[in-house]
Amino acid sequence: MEESMSEAGYDYRVVRGFTYSAIFWLVIGLVVGLWIAFEMFDPALNLTPWLSFGRLRVVHTNGLGLGFGLAGVFATAYYMLQRLTRTPIAFPRLALAHLYLFNAAIALAAVTLFAGMNTSKEYAELEWPLDIGVVIIWVMFAVNVFGTLIKRKEKQMYISLWYIVAMTVTVAVLYIVNNLEIPVTLFKSYTVYSGTNDANVEWWYAHNIVGFIFTVPVLAMFYYFLPKSTGLPIYSHRLSIVSFWALIFAYLWTGAHHLMLTPLPEWIQTVAIAFSIFLIAPSWGSVLNGYYTLQGNWDQMRTNYLAKFFIVGITFYGLQTIQGPTQGLRTLNAFFHYTDWVVGHVHMGTMGWVTMVISASFYYMIPKISRADLYSIKLANIHFWLILVGQLVWTITMWIGGIQQGAMWKATNPDGSLMYSFLDGLTSLYPYYRLRFIAGVIYFIGILVFAWNIYMTTRKQPVEAEV
Amino acid sequence: MGINSKPVVFAVISAAVILVGTVATVFIPLFIPSTQPVSPYVKPYTAVELEGRDIYIREGCNNCHTQTVRPLRTEVLRYGEYSKPEEFAYDRPFLWGSRRTGPDLNRIGGKYPDSWHYSHMQSPQRLFQKSNMPPYGWMAKNRLDTSNSFKKTSILGYGYTESDVKNQIDSCRSRVTAESYASKESRNQVTPPELQKDLTEMDAIIAYLQKLGRDVKNMEAAK
Ligand code: HEM
Ligand code: HEM
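Top line first, the protein sequences correspond to chains A and B.
Going letter by letter, the first sequence gives residues 20 to 486 in this note's numbering.
Going letter by letter, the second sequence gives residues 9 to 231 in this note's numbering.
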């Protein structure tokens, strides 16, 4: 046991394990993403039932949301927890069990989704036995979060820890409430909610699971790793306190902006619109806190590759949190809902904000725990530019395509009849889908460079012996 | 701030803060009947339609198709009457979807004869060369598994007896296998000979599609 621990007795095995897992699931999830992106302009790739678009899209979203996203969150959370409390993980064996069980669950999730065992509720597609597994995995994580916090040597909890605590609590509530279901067989269940209520519960869940996996813990990383990698303290502690409470309070009211103009009672939709607009304030609280942290040191954007990742990442978060409330307005949503515009929104968040911040956090963390320098800063820069360009082409293409699609659905002839058939609208998008595929390949190459860079860094000098 | 050094208190307060919006916009509506009203005109799915619905879920058709027509002029023009909450009383889960790569299906019932669906499901590209919908011909090669049909309808509280379920399955089978079945030719084209006297997954999903949006027409007519 002893030799696997570093200076202060910190246990980094689980950090390393989750880092590798995150990168592994990222690569798998992106291959599937490219596959479905191709199917959208050429259905020939629907080779077998389990490769058909309807099944595969779910593998993409779960592989990246649960596999990549959560593993990245766990890797960085185990690291931040130990450093910020100056205390080793409370239950290191439990943490390792968490790592193995997590990967087993994601692998099973992929297999069952390929096989079509799927509840159809977005981001909650896993069937009930896996839901139970997810809850167990979450409890294992929570025990370590609270165990370590209770034992901690550092009295004050830094902002990042608040975000981790809020995530731990909220994800548990969301997941359990939305996944209440009655089993039929081992592979099939029915939710306990019906119709409109099911829709309301589901989008409360889906909006917030995105918020509490792709925003809250990513902000925790941002608040910790930005100061660490620039050597600059966060600009305003008070601003971060206000932003934190306002964000976690307002988030939960907004799920219904996904259900605009559906049979859901109108007042729930209207409340969601109002809180969505309010969310701009706490979101930009964090964005500005990041910008002001660099005040007077903007040259780091040139000299420090990590600063570039974090600042460009938070910029996409800023744009995302303006675009989101805007497309949530009733009249604009009538136009954009169901179109590729929203797909562009999703991928600016995931390919811009989430992957930028998680990869930079890994670039900081892995050399630290391997006690070696990063293999290549040059490659890190290449990675940065490839994923930036790939993402921008990807999302801008989808925004333009989305506007075109919305306009074609709405267009009428002078006599009031529809101008375009549904298929006219779809086929006019195929050039955009082709370009999106190419952009995805560029982004994917960037991610391969990233994976290689991390791998070579861990190879550079023998890391501490594993147990 | 004192709570920054008390993790458990901090967690409890966070939980309270996130529960405010949750209770107001999600938990309370669950107990207000008008969130999900019921109508005597909207009937539960038959056992076969329900099996078809489960296949729709299994194949993730909802990743390309929505099932809610919004009250917008061009949308009503394209798909038909906008969706009413009563229509979804028996939907567990709901299948409204969030992406419209293919057209909305909430009003698809009765839009085409069964024969159209057999050919279309077999190969969308044969009907529309540029469609990106995956072909689902293999569904006609799978015998429909009805071993859990009764259990399913009773979990969903549809109130059928075991013999109701058996009758529903039998009557659907005899309808689609009858010599007089109007879509017999296209059905036999896609269904292998050994299954032509039996119910297939394709039959079930088409039965489901044909149910969508039908009952609400009666409800609207009665208004
Ligand atoms: C090479 C990069 C990528 C490609 C080619 C790709 C491709 C796709 C495609 C084709 C869709 C379906 C869009 C539709 O139905 O119209 C999709 C959806 C989605 N992708 Fe990706 N993706 C990529 C990267 C990512 C990443 C990095 C993440 C998350 C970390 C992600 C998360 C999602 C999510 C959550 C959705 C569902 C969106 C919705 O329901 O509106 N994707 N992706
Ligand atoms: C203040 C912040 C935000 C607001 C108010 C907001 C608002 C919205 C709205 C209204 C939609 C639905 C659009 C439609 O279907 O018509 C949406 C979709 C989505 N947003 Fe955001 N957004 C915000 C930030 C983010 C961030 C930071 C991410 C991180 C990646 C994100 C990820 C997504 C995803 C994955 C979807 C697609 C859900 C689906 O249909 O499957 N959003 N957002």
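Glycine is no exception: its CB is placed at the ideal position from the N, C-alpha and C atoms.
Small disclaimer: the values here were computed from a predicted structure and weren't measured.
7 Å CB neighbourhood of residue i in its chain, flanking five on each side removed
i, result
"B:Asn150", "Thr208, Glu209"
"A:Val482", "Here the model assigns A:Val482 a pLDDT of 49, short of 50, so the residue's position is not dependable, and the following value carries that caveat. Counting only Cβ-Cβ distances below 7 Å, and skipping sequence neighbours, we find Ser389."
"A:His226", "Thr273, Gly274, His277"
"A:Gln424", "Thr358, Asp359, Gly444, Leu448"
"A:Ile330", "Gly309, Leu313, Met320"
C-beta neighbour in chain A for residue i, strict 8 Å
i, result
"B:Met141", "yes"
"B:Ala19", "yes"
"B:Ala23", "yes"
"B:Asp223", "no"
"B:Gly60", "no"
"B:Tyr98", "yes"
"B:Leu80", "yes"
"B:Gln133", "yes"
"B:Glu228", "no"
"B:Ser13", "yes"
"B:Gln218", "no"
"B:Trp124", "no"
Contact with chain B by residue i, beta-carbon distance below 8 Å
i, result
"A:Gln175", "yes"
"A:Asn219", "yes"
"A:Gly135", "yes"
"A:Leu49", "no"
"A:Val482", "Low local confidence applies: a pLDDT of 49 at A:Val482 is under 50, so the model's placement there is unreliable, and no value is given."
"A:Lys429", "yes"
"A:Lys479", "no"
"A:Tyr212", "yes"
"A:Trp223", "yes"
"A:Gly459", "no"
"A:Trp264", "yes"
"A:Phe60", "yes"
Neighbourhood of residue i by C-beta, 8 Å cutoff - its chain only, sequence neighbours within 5 removed
i, result
"A:Leu283", "Thr215, Ala218, Asn219, Ala275"
"A:Gly135", "Pro68, Trp69, Arg74"
"A:Gly459", "Leu49, Gly52, Leu53, Ala56, Gly409, Trp413"
"A:Glu200", "Thr138, Trp147, Asp150, Ser208, Tyr209, Thr210, Val211"
"A:Ala430", "Leu437, Met438, Tyr439"
"B:Thr74", "Trp104, Gly105, Ser106, Arg107, Arg108, Asp112, Leu113, Asn114"
"A:Phe456", "Leu53, Ala56, Phe57, Phe60"
Nearest-angstrom Cβ-Cβ length linking residue i and residue j, presumed shorter than 8 Å
i, j, result
"A:Val362", "A:Met417", "5 Å"
"B:Cys180", "A:Phe72", "The Cβ separation is near 28 Å, so there is no contact."
"A:Val77", "B:Gly60", "So it is not a contact: roughly 20 Å between Cβ atoms."
"A:Tyr97", "A:Phe43", "Not a contact, Cβ separation roughly 17 Å."
"B:Phe39", "A:Val184", "That belief does not hold up - the Cβ atoms of B:Phe39 and A:Val184 are roughly 30 Å apart, past 8 Å."
"A:Gln319", "A:Tyr254", "Between A:Tyr254 and A:Gln319 the Cβ distance is about 14 Å, and since that is not below 8 Å, they are no contact."
"B:Gly145", "B:Val198", "6 Å"
Same chain only: Cβ atoms within 6 Å of residue i, ignoring 5 sequence neighbours per side
i, result
"A:Leu103", "Tyr177, Leu180"
"A:Pro344", "Ser295, Ile296, Ile299"
"B:Ala23", "none"
"A:Gly262", "Before going on, a small fix: residue 262 of chain A reads as Ser here, not Gly. Closer than 6 Å at the Cβ level, and outside the excluded window around A:Ser262, lie Pro301, Gly304, Ser305."
"A:Gly28", "Pro107"
"B:Gly10", "none"
"A:Tyr336", "Trp372"
"A:Ser518", "Outside the displayed range of chain A (20 to 486) lies residue 518 of chain A, so it cannot be described from this structure."
C-beta neighbour in chain C for residue i, strict 8 Å
i, result
"B:Gly10", "Considering every chain present, this structure includes no chain C. Its protein chains are A and B."
Check whether residue i and residue j have beta carbons under 8 Å apart
i, j, result
"A:Thr334", "A:His366", "no"
"A:Ile287", "A:Ile385", "no"
"B:Tyr87", "B:Ser194", "no"
"B:Asn156", "B:Gly105", "no"
"A:Tyr182", "A:Pro236", "yes"
"A:Ala94", "A:Ala41", "yes"
"A:Ser213", "B:Arg134", "no"
"B:Gly117", "B:Lys219", "yes"
"A:Ala470", "B:Leu80", "no"
"A:His356", "A:Gln342", "no"
"A:Tyr382", "A:Leu325", "yes"
"A:Thr369", "A:Ile406", "no"
"A:Gly82", "A:Tyr142", "no"
"B:Ile163", "A:Val203", "yes"
Entirely enclosed alpha helix (DSSP H) segments - the stretch 342–429 of chain A, minimum 4 residues = 349–355, 359–366, 374–389, 396–429
Secondary structure, alpha helix (DSSP H): runs of 4+ residues fully inside the stretch 142–174 of chain A | 147–170
Length at least 3, wholly inside the stretch 103–177 of chain B: the beta strand (DSSP E) runs in chain order | none
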